[in-house]
Amino acid sequence: MAWLNVCRSVDLKETGLGVRFCVRQEEGFVVRYRGVVRAYYNRCPHRGLELDWQAGKFFDERGETLVCSVHGARYDPALGHCLGGPCRGLALQSLMCVEKDGLVFVDEGVL
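As structure tokens, then:
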């Protein structure tokens, strides 16, 4: 596997701002939820649009779900499954990520 260094571990606060990055010629993002770093493509499965309405703003106000800025679909931060909205039954596409030596890496291998 080839690993892309996307940020420092301290850059990801629990349910705080996410960090955007480019991988496989697409936009992705990482967030911290329940102490674990999660990585997804920054693409809503409903219309293919980016989720964040401001750079890095992926969580709702309470830090409970990831929210699509365009139509308000809500996603489980742990698994990416749609919890409500026009994407019901769909999920965000996850990326493999690891945290090591104070850094966050995403697998940039070919799909």
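For the sequence shown, this note's numbering assigns the number 17 to the initial residue and increments by one for each residue that follows. For glycine and all other residues, C-beta sits at the position ideal for the given N, C-alpha and C. Keep in mind that this is a model prediction, so the values were computed, not measured.
Decide if residue i is buried, meaning its Cβ has at least 16 other Cβ atoms within 10 Å, or exposed.
i	result
L111	buried
V47	buried
N58	buried
Is residue i helix, strand or coil by DSSP?
i	result
V46	strand
V86	coil
D123	strand
Out of the options, which one is the CA nearest neighbour of residue i?
i	options	result
H87	G100, Q41 and V114	G100
L65	R50, K73, G51 and S85	S85
Y56	R90, W69, R63 and R36	R36
Residue j and residue i - do their beta-carbons sit closer together than 9 angstroms?
i	j	result
S25	E115	yes
Measure the beta-carbon distance from residue i to residue j and round it to whole angstroms, keeping in mind my assumption that it falls under 8 angstroms.
i	j	result
A94	R54	7 angstroms
V122	L28	Not quite, the Cβ-Cβ distance comes to about 12 angstroms (not below 8 angstroms), so this is no contact.
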